[in-house]
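Heads up: the sequence shown at position 298 corresponds to 298 in full-length UniProt numbering, and the numbers run straight through without jumps. Have a look at the structure below before the remarks.
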Amino acid sequence: MSQFWSPGVRELTPYVPGEQPADQVIKLNTNENPYAPAPGVGKVLRDYATSHLRLYPDPASTALCQALAKTYEVPDDSVFVGNGSDEILAFAFQAFFRHGAPLDVPDITYSFYPVYARLYDIELRQHPLNAQWEVDLDALASAGDRSGIVFANPNAPTGHAHTLAALETLLRRVTDRVVLVDEAYVDFGAESAAPLTERYPNLLVIGTFSKSRSLAGIRLGYAIGSPELIEGLEHIKDSFNSYPVDRLAERAGIAALEDTEHFHACRDSVIATRERTRTRLEALGFHVLPSEANFLFAKHATLDGGQLFAGLRKRGILVRHFDKAGLSNFLRISIGTDDEMDTLIETLEVLCG
Ligand code: PMP
């Protein structure tokens with residue numbers, strides 16, 4: 001604690017992402033895409049790096065917002081972009097959830113939500129998952145006076161996704177505060193709620209280029225919502241940095257959105273590998289939760305999750321292990337290439353005896 005820090009900084013518990021190791025490991029711990037981004041991304045980066053970087057970016061990111069609006073079939077003024085969906089989540093927490101009442105979230109969810117709640121002095125009301133490890137939408141909707149609702153669909157780290165019909169049931173019940181649906185993993189088998197934003201002005205959908213578009217290194221995310229919500233986000237952004245994303249990110253994002261063939265091919269490969277991996281993990285004695293994401297959440301019938309994590313790590317395979325009550329026997333395994341998953345299974349065969 002330094003005398004220069006503002007009060008309360010010491011108590012903050014920053015989010016710690018999965019470790020970023022040297023190259024020789026198989027990295028299945030931060031849900032990145034194992035495939036390269038669309039080939040057009042490389043071309044655009046080369047062209048732009050030489051010709052356009054002396055200029056400031058477009059403060060409205062018009063071209064990227066238009067490309068996203070076209071992709072999701074929503075009006076142009078329903079789109080906001082930022083430096084990764086984490087940044088947009090931070091803006092949303094500031095813009096919409098400081099009403100002095102609790103924010104409703106699932107108790108097992110993306111671990112950044114509690115970090116932002118703490119940072120912006122927002123009280124959290126955490127709701128346990130149901131017996132099937134699914135986000136309990138009914139409990140979220142039933143809670144009393146609130147500043148808003150936030151959850152991920154599919155949920156992280158469990159992988160289950162609700163249908164749009166289930167989300168609509170919640171949206172019909174909660175109309176007075178923002179319902180934020182984080183769709184970081186939606187492209188791997190779930191359905192985006194973006195089209196619902198035209199009917200529900202309090203629905204904010206947040207997405208990312210980090211997962212299904214293979215651009216985690218660029219830091220590019222987006223939000224889709226009614227113009228009044230987008231304006232709220234712009235109020236925060238403009239007070240912070242009036243340039244939303246840099247020129248390279250904007251061009252890379254557009255190139256990634258344009259190549260639908262590459263997008264579908266990578267997505268289908270990840271889904272096929274996920275289901276093959278599930279079968280093989282089950283054969284090894286793991287209980288694997290259903291997943292519509294690019295990861296599996298699995299626990300072994302008898303072996304300790306922490307020891308399996310350490311055993312894999314020692315052999316150069318990184319997966320995610322959460323040292324949290326109720327979760328400590330689970331491993332979250334990102335879906336890599338088929339070769340990487342073969343090595344994972346062969347290593348687990350040794351560890352599981
Ligand atoms: N939401 C969820 C549920 C995530 O798991 C992640 C990635 N860790 C993010 C948002 C953030 O994604 P990014 O900032 O890379 O867009």
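Beta carbons are placed, not taken as given, at the ideal position from N, Cα and C, and that holds for glycine.
Is the segment 113-122 touching the segment 132-143 in the sense that three or more CB pairs, one from each, lie closer than 8 Å? no
Could you give the first and the last residue of the continuous beta strand (DSSP E) run that contains LYS70? As a position in the sequence shown, residue 70 is number 70, starting the count at 1. Per DSSP, LYS70 belongs to no beta strand (DSSP E); it is in the alpha helix (DSSP H), 62-72.
DSSP-derived helix/strand/coil call for HIS262: Taking the sequence shown and counting its residues from 1, the one referred to as residue 262 is at position 262. Three-state DSSP puts HIS262 in a helix.
Identify the residues that DSSP records as bridge partners of GLY221: which are they? Residue mapping note: residue 221 aligns to position 221 of the sequence shown, counting from 1. Looking at the DSSP assignment, GLY221 forms a beta bridge with GLY82 and THR208.
In three-state DSSP terms, what is LYS324? As a working mapping, residue 324 is identified with position 324 in the sequence shown. DSSP, reduced to helix, strand and coil, places LYS324 outside both helices and strands of the structure shown, so it counts as coil.
On the CB-based measure, 16 or more other CB atoms within 10 Å of its CB, does ASP86 come out buried or exposed? One-based indexing of the sequence shown puts residue 86 at position 86. Looking at its Cβ environment, which holds 16 or more other Cβ atoms inside 10 Å, ASP86 is buried.
Alpha-carbon spacing of SER212 relative to GLN3, whole angstroms: One-based indexing of the sequence shown puts residue 212 at position 212. One-based indexing of the sequence shown puts residue 3 at position 3. Answer to the nearest angstrom: the Cα atoms are 44 Å apart.
Could you have a look at HIS235 and say whether DSSP puts it in helix, strand or coil? Translated into positions along the sequence shown, residue 235 becomes position 235. In this structure, HIS235 counts as helix in the three-state DSSP scheme.
Label LYS27 either buried or exposed according to how many other C-beta atoms from any shown protein chain fall within 10 Å of its C-beta, with 16 as the threshold for buried. The count along the sequence shown starts at 1 and reaches residue 27 at position 27. So LYS27 ends up on the buried side.
Same chain, Cβ closer than 6 Å to PHE297, neighbours up to 5 away in sequence not counted: Indexing the sequence shown from 1 puts residue 297 at position 297. Here the set comprises PRO157, THR158, GLY159, LEU289, PHE330 and ARG332.
Any heavy atom of the ligand PMP inside 8 Å of the beta-carbon of PRO17? Along the sequence shown, one-based indexing puts residue 17 at 17. Yes, the beta carbon of PRO17 sits closer than 8 Å to at least one heavy atom of the ligand PMP.
Three-state class that DSSP yields for GLY40 in the structure shown: Position 40 of the sequence shown, counted from the first residue, corresponds to residue 40. Three-state DSSP puts GLY40 in a helix.
Taking the C-alpha atoms as reference points, what is the distance between LYS324 and THR302? To locate residue 324, count along the sequence shown from 1; it is residue 324. To locate residue 302, count along the sequence shown from 1; it is residue 302. Rounded to the nearest angstrom, the two C-alpha atoms are 18 Å apart.
Whole-angstrom Cβ separation of TYR243 and PRO59, contact assumed at under 8 Å? The residue given as residue 243 occupies position 243 in the sequence shown. The residue given as residue 59 occupies position 59 in the sequence shown. Yes, they are in contact, since the Cβ atoms of TYR243 and PRO59 sit about 6 Å apart, within 8 Å.
Three-state secondary structure (DSSP) at ASP182? Reading the sequence shown from its first residue, position 182 is the one you call residue 182. Under the three-state reduction of DSSP output, ASP182 falls in the strand class.
Spatially closest choice to GLY253 from THR62, ASN29 and SER51, by CA coordinates: In the sequence shown, the residue the question calls residue 253 occupies position 253. Ranking the options by Cα distance to GLY253, first place goes to THR62.
Euclidean distance between Cα positions of ALA101 and ARG177: The residue labelled residue 101 in the question sits at position 101 within the sequence shown. The residue labelled residue 177 in the question sits at position 177 within the sequence shown. Whole-angstrom Cα-Cα distance: 11 Å.
Does the distance between the C-beta of ILE206 and the nearest non-hydrogen atom of the ligand PMP fall short of 8 Å? On the sequence shown, position 206 is the one that residue 206 refers to. Under cutoff, so the answer is yes.
With a threshold of 8 Å (Cβ to nearest heavy atom), would TYR116 be considered close to the ligand PMP? Walking along the sequence shown from the start, residue 116 turns up at place 116. No - the ligand PMP has no heavy atom lying nearer than 8 Å to the Cβ of TYR116.
Among ARG251, ARG274 and ASP338, which one has its Cα closest to the Cα of PRO37? For the purposes of this step, residue 37 is taken as residue 37 along the sequence shown, with counting starting at 1. Among ARG251, ARG274 and ASP338, the Cα nearest to that of PRO37 belongs to ARG251.
Boundaries (first-last residue) of the beta strand (DSSP E) holding SER226: As a working note, residue 226 is residue 226 in the sequence shown. Segment: none, SER226 is in no beta strand (DSSP E) and carries neither H nor E.
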